Amino acid sequence: MMGTRAILFEAPGAFTMEQQQRIWALIEYAENRPDIQELVPGVTNLLLIFTHAPEYPEQIADWLRNAWESLPPRQIAGRLFEVNVRYGGALGEDLAAVSAHTGLSPEEVIRLHHEGEYTVCAVGSAPGFGYLHGLNPRIATPRKSIPSLNMPAGTVTIGGMQAGISALTGPNGWNSIGYTEICLFDPYRCSPSLFAIGDRIRFCPESIEL
2 MMGTRAILFE
12 APGAFTMEQQ
22 QRIWALIEYA
32 ENRPDIQELV
42 PGVTNLLLIF
52 THAPEYPEQI
62 ADWLRNAWES
72 LPPRQIAGRL
82 FEVNVRYGGA
92 LGEDLAAVSA
102 HTGLSPEEVI
112 RLHHEGEYTV
122 CAVGSAPGFG
132 YLHGLNPRIA
142 TPRKSIPSLN
152 MPAGTVTIGG
162 MQAGISALTG
172 PNGWNSIGYT
182 EICLFDPYRC
192 SPSLFAIGDR
202 IRFCPESIEL
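In this note's numbering, each residue's number is its place in the sequence shown (first place is 1) plus 1.
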């Protein structure tokens with residue numbers, strides 16, 4: 002339980018695309034419940050917010066477990082975004098740290114980063130921020146022990162096994178490796194968040210500064 006009206010479902014196992022697709026299936030399944038007010042997907046988890054405090058939360062937990070065991074993964078045909086990146090330089094200052102951690106040259110880190118195709122698993126943490134699956138495990142790098150205090154919006158980042166683009170300027174513990182001009186969140190757009198779950202991202206080198 003999360004408070005009195007919400008339940009957080011945490012998927013067992015590792016962060017894989019299949020696990021995330023099963024979370025998406027659970028979203029579609031849970032939408033049919035009349036007592037659901039809102040569903041908030043995360044990375045291999047789902048927050049269910051109810052219209053009123055559930056009288057028998059253990060029954061809902063059993064319902065969720067049974068659904069998880071029986072539902073097949075759900076495919077979402079999202080849009081494809083090609084994102085131009087200026088790798089390295091002052092706005093990609095952690096590229097050297099990623100290189101040192103992985104034992105790869107900065108050029109190799111950049112190559113492995115932009116050769117992949119990424120899928121938006123969830124949008125959250127900050128308005129418009131997309132958690133991206135598809136990072137090559139060879140360049141996975143733990144988040145920084147001391148966060149940057151003022152990382153600009155548009156910074157291209159690596160955090161553990163995930164890739165991302167910072168949506169807002171502010172403190173950030175992910176590793177900066179480049180920068181892009183795209184705007185991930187605009188409250189005046191018809192859809193304020195640029196990305197949605199299931200969208201695919203390809204990073205394209207615009208320039209490299211080592």
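Ideal Cβ placement from N, Cα and C applies to all residues, glycine included. From a predicted model like this one, the values you see are computed outputs, not experimental measurements.
In three-state terms, what does DSSP make of residue i?
i       : result
Ala-203 : Note that residue 203 is Arg in the sequence shown here, rather than Ala. If DSSP states are grouped into helix, strand and coil, Arg-203 belongs with the strands.
Ala-26  : helix
Glu-56  : coil
Gln-76  : coil
Glu-91  : In the sequence under discussion, the amino acid at residue 91 is Ala, which differs from the Glu named in the question. Ala-91: helix per DSSP, three-state reduction.
Do you know whose CA, among the options, lies nearest residue i's CA?
i       : options                             : result
Val-157 : Leu-150, Trp-25 and Ala-168         : Ala-168
Leu-96  : Pro-107, Leu-113 and Thr-103        : Pro-107
Pro-172 : Lys-145, Ile-178 and Arg-190        : Lys-145
Tyr-30  : His-53, Thr-45 and Pro-73           : Pro-73
Tyr-119 : Met-18, Phe-10 and Pro-13           : Met-18
Leu-81  : Ile-183, Pro-42 and Gly-199         : Gly-199
Ser-126 : Ala-98, Arg-112, Thr-170 and Pro-35 : Thr-170
Asn-151 : Pro-143, Ala-141 and Asn-176        : Asn-176
His-102 : Arg-23, Asn-33 and Thr-142          : Thr-142
Assuming residue i and residue j form a contact by the criterion Cβ under 8 Å, report the distance between their Cβ atoms to the nearest whole angstrom.
i       : j       : result
Leu-211 : Gly-165 : Rounded, the Cβ-Cβ distance is 22 Å, inconsistent with contact.
Thr-52  : Gln-20  : Their Cβ separation, rounded to whole angstroms, is 28 Å, which puts Thr-52 and Gln-20 out of contact at 8 Å.
Phe-196 : Gly-129 : 7 Å
Given a cut-off of 8 Å, decide if residue j and residue i are closer than it, judged by their beta-carbon atoms.
i       : j       : result
Ile-136 : Gly-117 : Sequence inspection shows Leu at residue 136; the Ile mentioned does not correspond to that position. Yes, the Cβ-Cβ distance between Leu-136 and Gly-117 is below 8 Å.
Pro-153 : Leu-92  : yes
Gly-174 : Ala-123 : no
Arg-6   : Ala-54  : yes
Arg-87  : Ser-208 : yes
Considering only residues of the stretch 95-123, which uninterrupted alpha helix (DSSP H) runs meet the minimum length of 4 residues and lie entirely inside it, listed in chain order?
-> 96-103 and 107-116
In chain order, each beta strand (DSSP E) run of at least 3 residues that lies wholly inside the stretch 28-53 | 37-43 and 46-51
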